[in-house]
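Using the working numbering, the first residue of the sequence shown is number 27, and each one after it goes up by one.
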Amino acid sequence: MGINTERDIEANMQIGPTDAGMVRIFIESQGFEVPMDFDPEEAEEIAEEIIAAAKAARAIEGNRRR
Numbered sequence: 027m028g029i030n031t032e033r034d035i036e037a038n039m040q041i042g043p044t045d046a047g048m049v050r051i052f053i054e055s056q057g058f059e060v061p062m063d064f065d066p067e068e069a070e071e072i073a074e075e076i077i078a079a080a081k082a083a084r085a086i087e088g089n090r091r092r
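Below, the structure is given as structure tokens:
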């Protein structure tokens, strides 16, 4: 399974700070819970990667409209 493999799975995601000063991404799906903790610097790097991916996706979408 890769990034382009579509799956028919619903999941809930929450993102927020923990009382330990970490940033938690918490994913829950079909009875499974995945808490992922990152220090603030790592969280900022992840945020930058998400923004870069969104920009790339917009560029792909724009090329399809032409």
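No residue lacks a Cβ here, since even glycine has one placed at the ideal position from N, Cα and C. None of these values were measured; they are calculated from a predicted model.
Under the three-state reduction of DSSP output, isoleucine 41 falls in the strand class. Taking the Cα of aspartate 63 as reference, the smallest distance to any Cα among Thr31, Ile29 and Ile41 is reached at Ile41. Annotation: the continuous beta strand (DSSP E) that includes glutamate 59 extends over 58-64. For isoleucine 53, the enclosing beta strand (DSSP E) has its first and last residue at 49-55. Put simply, the backbone Cα of aspartate 34 is about 27 Å away from that of alanine 69. If you check the CB distance, glutamate 59 and alanine 37 do not come in under 8 Å.
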